[in-house]
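Residue numbers (the working numbering), protein chains in the order written: chain S, 1 to 160; chain W, 1001 to 1288; chain B, 2001 to 2805.
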Amino acid sequence: MISQRDIRLTVNGVSYEGSAEPRMTLVDFLRHELGLVGTHVGCEHGVCGACTILMDGKAVRSCIMLAAQADGADLMTVEGLAKDAELHPIQQAFMEERGLQCGFCTPGFMMSIHELLQTTTDPSDEEIRDALGGAICRCTGYESILKSVRNAAAKLRAST
Amino acid sequence: MKPAPFEYYAPTSVAETVALLEQHGPEAKLLAGGQSLVPLLNMRLARPTVVVDVGRVAGLDYVREEDGALAIGAMTSQRTIERSELVEQRLPLLRAATRLVGHPQIRNRGTVGGSIAHADPAAEYPAVALALDAQMRVAGPGGERVIEAADFFVTYLTTALEPSDVLTEVRMPLLPGGAGWSIVEIARRHGDFALAGAVVTLSVDSGSIKDPRVVLFGVGATPIRVREAEERLAGESPSEALFTEAGKLVSEVIDEPLSDIHATAEFRRHLAGVMAQRGLAEAAGRVA
Amino acid sequence: MGGFEFPKSIDDLPVTNPKWVGRPVKRVEDPQLITGRAEFIDNVELPGMLHCAILHSPHPHARIKSIDMSRAAAMPGVVTTLTGEDAERWTRKSYTTPEGWGTYVLATDKVRFVGEPVAAVAATSRYIAEDALELIDVEYELLDPIVDAFAAAQPDSPKVFDEHENNIMYQRKFTWGEVDEAFAQAGHTYTEKFRWHRVGANPLETFGVISEWDLVEDTLTCRGSFQTPSYMAMGRAATFRLPSNKVRFIGQPHGGSFGGKGGGRGTDITAMLSRKAGGRPVKWIEDRIEYLTAGGSQAWDRHYEVSIAVKNDGTVTALRVKLLDDLGATAEGFGATGAVKPMASFTGCYAIPAAEYDLTLVATNKLPASPYRGMGPPPHNFVLEQMMDIAARDLGIDPAEIRRRNFIPPDQFPYIIPSGNEYDSGEYEAALDKVLEMSGYEELRNEQEEARAQGRLIGVGVVSTIEPGVFDWNAYTVIGTRGIGIPEGVNVSIDTMGKITARVGFALEGQGQYTVVTQLLADYFCVELEDVRVVMADNLSAPPNFGPGGSRLGVAITGAVLGAAQRLTEKLVKVAAKLFEVQPEDVELLDGELRVKSVPESKISVRNVVGIMLNRSDMLPPDVDPSPEATFAWTAPGRVEPDEQGRVKSYLTAANACHLVMVEVDPDTGMVEILKYYIADDCGTRLNPANVDGMIQGALAQGVGAALLEEYVYDENAQPLTASFMDYLLPTIHEVPMPEKASLVTPSPFTPLGAKGAGESAIHTTPAAIMCAINDALLPLKVRATEVPASPNRVWKLIQDAQQQ
């Protein structure tokens, strides 16, 4: 029998302790052990980007990480964007610009955008494409997502 | 799909890592950033009984200039390379190659050592390593040793690393002052593995080409250095006609390329020449 | 319908200044989605829930000699297992159309495609369930795979189904008008062969389901990502021979479908596992590999031979289309209907008087074909539009001009096309002119000339297409579907605080239809959007409904909402009439108030009338019950059975789009780059223009994928080679152009508010336009791309062959 591993990590500022088999992927741990189901699974082979979260501030694909690899890390997921009823500017921008249709890929997109806008406050369209090229949206055709990023960047610039 | 079960170890030193690999033999698999291995685990195409995660081994995350080379710790993330001022100033070829690796989310986790040890023939880093005559510093049961890039890439996903070896550092020699360089590739989509690509470096001395290097990736079972083309170029005056001729030569001399659903062997053979030609033109344009 | 008069336009709504309908209001669906709170099926955990994993066949064609489940069943954590024996005992064979080409949901006699479910387990976790699959021992006797559609159609081919005479699932030639005569008399005839490879939906969320079989009450409850929950429920009742009111289906919000969500097999397998596990809920989440190789992922595997007859002036007088469509191993997935749907817009935007459709559907050892957005016309439009360009080139007519000369003129509507469908309205020339103007067409052609002079391969495609809207079963009668009309219902109620609730039978899927319902009710009763809430009702609580599909729901739900609102208003009017001591016909609803028409100051708010209904029985008229709610189901008017040549008024609306695209082909690499893209789209009244724009852009992306990237590949042994997103290439933000778009509005005379079906949208046009542009670029080389997708390898090979000639 393979022994379980203890895993301690912080998600959205809250500390969690749990245990998982070594083979458990990080996204399964977040969703099914911690109940943070806002992060979605689209392919389980690291191509679609739906499972993207922030790990120590960097956008990573949680379907191709083991939970054990994230032991001790500081994570952020879509659940960490809004503060109570107040939506994050990225979320507001997605609503205003119709950056989503079915909404399944959206949490992953928003986390990649979060990383981008932390480092690049006024991204060019090329920089936006670069940051989002590894994420697939099957509904929108990306135009409204591009607009959402521009809108979110402007909102964030205005608020600082 | 979900991975098959395995035991997991997270050593904190190179010595401990080597010892674990020795203890578990070929059933053990080293896990670096996991961007290639974990998808294979998820699909149950890779089925190690033991996974040794080197993510917590200290001291393998650095880029520094030493003796005319960049010494890069094997666990340095591709994102670190992409953002390193030192890399940008001293070895812009490496930065350009990094920008072609997957996407930012992959580069945040993917490591230099992981990519080189995985040795995907369509990957950029192995080709850059071969073009630059990089040296791989390896820790094994018998101590440390260095493997030259020319000896490192054996065949598809296979290197000269022994089952208990750990790649600890990659030394990428700097290009001589004024040298031109290029990395070009063609992929179905931005960020996909290349159908074919080329890394080219060259200098121009008194109007003639000196030390040309032409390395292909995505074409054969390993990155391929095309010596026939290099010999044809050396000593010649750079020109569009020469590069076209060299490209044609590349297409003629290489072994039968890979064939898959995205490109037949015939098409890859052709693309290899086109990439070499375009790489040469771009590299020549960068000669200072 | 039922004496109802639907408002013809937004101005006819009972509100002086409509605030919501026709405007790009924010979506009511979004808050739960952007916060990650939407209850996608894999977010649902039920007490005692088990997890299913399915063993899929590794062979395309093999007889099953034995299955030994004993090692898997004995594994700790495994609760129960399932094989074809269970399916044979408890279910009927599954097929849609044509009838009889089906199997049990788990293979019994033999496997017919790689990925066919062979066995399943239910365990305490998905990880353990997958481990258990490795302990199932299946002995196969390999049979020759049938993979080539032409070979499969030969009488001496090995058979996919031993009980059928051959592999021909369906064969019929439809002739509409004097086709032979038109070809005999034509000044010019052109013939070309085309190949459209398999593509498919790939919603970002795969299919998922949780089934619970209550053994005591013998009821089945399924929660899942169902595109059409009520329809799925009826199917399961038939499959399991259960009374239909014992089957309850709850649709969860889901991550897209595009027709290709699939799910029948997974639902039945989990239902049976639950039955064997004492009624514990069993969850199955299809993984991406399963979706790509064994799910609802693949559509349109087509071999075409097409001819047109053309007069000297470019007038097209007849169209002949011969289609061999490879439907794969069974007819379970509605793939066959995709080959029939082109009859709803067979001759496109053109007044072509005669046409012929020679249709053969063949079974092979590939994955059964499923629907995909557009449901069949996108490949048909591709071949038709290539033929228009071929004729234009030969006759020296500009591609835009030959289309203009053949358009159905605006004064001819409603217009019945040779294949029988009726187009409601259209302004095709205006859309073309708009695109030509936006793009600066002449200047583009000049740029192209200059580029050609420099040896560059630049091409322009300009294409006009029809999107048939508001699907009806009668479109598919010829292939065996039953019924005419598809009711879509809604129940609308107003509570004592004046708040409005609408109950619909479909879940969130992405199109924004809950927003449309909200807009309509908010304007109808003159309230704020926040005062309206739309909720999903399960199949046992919802009015008759189908859900999204066939560019239908926007129009259908509009009719349902307006009908229910009108019915509800009739009740309110009666109560107000009694109050004001006038006759009901003297009272009207306007701006959220019931008023006496001749005495405008005699008025009462809707909320107060509802309050009277619910709280003052003494004030109720005798013929009004205290129930401020109404239900209405809408279905398209005037639908009948097809005639002997399959001609029928099927799809109620005909939206039109004109796309212009400029591409550059790299002769050294075969890569195609989209340089410019323009769209003029006319789908009648836009109930929510932002919704429509999202449909256009999203469908454009799928069209780009189909034209350049996406393809399901099988090797010569029928092994699928595109089992991951590494090999099935979906377009990313780098590959999709951001076009300049214009909208035209030619309202439908047949629908409430004049809206037309608009959900499938640009995928009808984009592949055709891109392929026309590529062929325009290749024109100097005298080669033609006839295979979709135009991959770099294919394009390069064409150029190579040209240069070697």
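Glycine included, each C-beta is placed from N, C-alpha and C at the ideal position.
- [ ] For Arg1188/W, go through chain B and note every residue whose CB falls closer than 8 Å to its CB, in chain order.
- [x] Leu2709, Leu2729, Ser2791, Pro2792
Task: Stretch pair the region 2419-2437 of chain B + the region 2745-2755 of chain B: three plus CB contacts closer than 8 Å - done: yes
TODO: Could you list which residues in chain W have their beta carbon closer than 7 Å to that of Tyr2127/B, in chain order?
DONE: Lys1002
TODO: Measure from the alpha carbon of Asn2854/B to the alpha carbon of each residue in Glu2530/B, Asp2531/B, Val2532/B, Val2561/B, then state which is nearest.
DONE: Here chain B has residues from 2001 to 2805 only, and residue 2854/B is not among them.
Task: Per-residue contacts from Glu143/S into chain B (C-beta, under 8 Å) - done: Gln2697, Val2736, Met2738
- [ ] Give me the Cα-Cα distance between Met2001/B and Gln2513/B, rounded to the nearest whole angstrom.
- [x] Because the pLDDT of Met2001/B is 49, which lies under 50, any placement of that residue in the model is unreliable, and the question is left without a value.
Task: Cα-Cα separation, Ser2724/B to Ala1096/W - done: 28 Å
Open item on the list: For Val2462/B and Arg138/S, I'd like the C-alpha separation in whole angstroms.
Closed with: 25 Å
- [ ] On a CA-only basis, which of Ile2034/B, Ile2128/B, Ala2149/B is nearest Ala161/S? Give me that one, please.
- [x] Any answer about residue 161/S is impossible in this case: the structure gives chain S only from 1 up to 160.
- [ ] Mark Thr1012/W as exposed unless 16 or more other C-beta atoms lie within 10 angstroms of its C-beta, in which case mark it buried.
- [x] exposed
TODO: Starting from Met2671/B, find everything on chain W with Cβ-Cβ shorter than 8 Å and list it in chain order.
DONE: Ile1186
Open item on the list: Tell me which residues share the same chain as Arg1090/W and place their Cβ nearer than 8 Å to its Cβ, disregarding the 5 neighbours each side in the sequence.
Closed with: Glu1065, Leu1070, Leu1174
Task: Interfacial residues, the region 1099-1111 of chain W to chain C, with Cβ spacing under 9 Å - done: In the displayed structure, chain C is absent; the protein chains listed are S, W and B.
- [ ] Name, please, each residue of chain S whose Cβ falls closer than 7 Å to the Cβ of Asp2681/B.
- [x] Those do not exist, as Asp2681/B stays about 13 Å from chain S at its closest Cβ, beyond 7 Å.
Open item on the list: Taking DSSP's pairing of strands, which residues face Thr2631/B in a bridge?
Closed with: Asn2491/B
- [ ] Taking only the alpha-carbon atoms, compute the straight-line gap between Asp2776/B and Lys1248/W and give it to the nearest angstrom.
- [x] 29 Å
- [ ] Identify the contact partners of His1262/W in chain B, using a Cβ-Cβ distance below 9 Å as the criterion.
- [x] Asp2727, Leu2729, Ser2791, Pro2792, Asn2793
Task: Chain-ordered chain B contacts of Phe1243/W [CB-CB under 9 Å] - done: Those do not exist, as Phe1243/W stays about 13 Å from chain B at its closest Cβ, beyond 9 Å.
- [ ] At 8 Å on the CB atoms, spell out the chain W contacts of Thr52/S, in chain order.
- [x] Gln1105
Task: Other residues of its chain near Asp2325/B: CB distance less than 6 Å, five sequence neighbours each side excluded - done: Arg2302, Ala2339, Leu2361
Task: Own chain, CB closer than 6 Å to Glu2212/B, minus 5 neighbours either side, in chain order - done: Thr2221, Ser2274, Pro2281
TODO: Let me know if Gly80/S comes out buried or exposed under the rule of 16 or more other beta-carbons within 10 Å of its beta-carbon.
DONE: buried
Open item on the list: Using the three-state DSSP reduction, which class does Met2001/B fall into: helix, strand or coil?
Closed with: Because the pLDDT of Met2001/B is 49, which lies under 50, any placement of that residue in the model is unreliable, and the question is left without a value.
Task: Short CB-CB distance (under 7 Å) between Asp2131/B and chain S - done: no
Open item on the list: Can you check whether the C-beta of Phe1006/W is within less than 7 Å of a C-beta belonging to chain S?
Closed with: yes
Open item on the list: Between the alpha carbons of Thr2631/B and Asp2012/B, how many angstroms are there, rounded?
Closed with: 21 Å
- [ ] Check whether the Cβ atoms of Phe2258/B and Val2383/B lie closer than 7 Å to each other.
- [x] no
Open item on the list: For Val1101/W and Thr1076/W, I'd like the C-alpha separation in whole angstroms.
Closed with: 14 Å
Task: Nearest-angstrom Cα separation, counted from Met1001/W out to Ala2565/B - done: 48 Å
Open item on the list: If we define contact as Cβ-Cβ less than 7 Å, is Glu2286/B a contact residue for chain S?
Closed with: no
Open item on the list: Between Pro1011/W and chain S, is any beta-carbon pair separated by less than 7 Å?
Closed with: no
TODO: May I ask you to list the residues that DSSP assigns as paired with Ala1281/W?
DONE: Answer is none; Ala1281/W lacks a bridge partner.
Open item on the list: Considering only their Cβ atoms, is the gap separating Ser2225/B from Ile2054/B smaller than 7 Å?
Closed with: no
- [ ] Label Tyr1062/W either buried or exposed according to how many other C-beta atoms from any shown protein chain fall within 10 Å of its C-beta, with 16 as the threshold for buried.
- [x] exposed
Open item on the list: Determine, for Ala93/S, whether the minimum Cβ-Cβ distance to residues of chain W falls below 7 Å.
Closed with: no
Open item on the list: Along the region 1054-1082 of chain W, where does the CB come closer than 9 Å to a CB of chain S? Name the residues.
Closed with: Gly1055, Arg1056, Ser1077, Arg1079
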